[in-house]
Amino acid sequence: MAITKELIEDKIEVVGDYKTIQVRTATVIKEDGVELSRSFHRHTLECVSSVKNDDDSWTHTDTDVSGESSEVQGIASTVWTDAVKTAKKEVNEANSI
């Protein structure tokens with residue numbers, strides 16, 4: 001009787017003006033090759049994060065996708081153009097309180 005656990009990135013979507021990447025990962029538990037359960041985890045990736053400093057300047061950091069799958073890395077490098085990153089930085093600054 002062999003029980004296995006498999007992680008499958010089964011859905012990757014690009015949404016919105018700033019090309020947010022949504023990743024769904026399925027965790028599949030099997031016994032002797034027969035699926036017993038399946039559960040899902042989702043996470044999102046935005047191209048940049050922005051922090052307003054105490055002196056009212058901004059620090060913008062490109063999102064590190066090195067820990068993501070090669071497929072997600074490829075999508076990020078394709079859709080996160082300089083124009084998209086600049087637009088996201090501008091909207092982050094405009095929406096600050």
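Under our numbering, read the sequence shown as residues 1 to 97, first letter to last. Even for Gly, the Cβ is constructed at its ideal location relative to N, Cα and C. It should be emphasised that the depicted structure is a prediction, and the values quoted were computed from it without experimental measurement.
Excluding the 5 residues flanking Val98 on each side, which residues of the same chain have their C-beta closer than 7 Å to its C-beta?
With the chain running from 1 to 97 in the structure shown, residue 98 is simply not present.
Excluding the 5 residues preceding and the 5 following Ile3 in the sequence, name in chain order all residues of the same chain whose CB lies nearer than 6 Å to its CB.
Result list for Ile3: Glu31, in chain order.
Please go through the same chain and pick out, in chain order, the residues whose beta-carbon is closer than 6 Å to the beta-carbon of Asn92, but skip the five residues on each side of it.
If we look at Asn92 and ignore the five residues flanking it on each side, its Cβ neighbours are Ser50.
Tell me the DSSP bridge mates of Asp62?
Partner(s): Val48.
Taking Cβ to Cβ, would you say Lys11 is nearer than 8 Å to Thr27?
Not a contact, by the Cβ cut-off of 8 Å.
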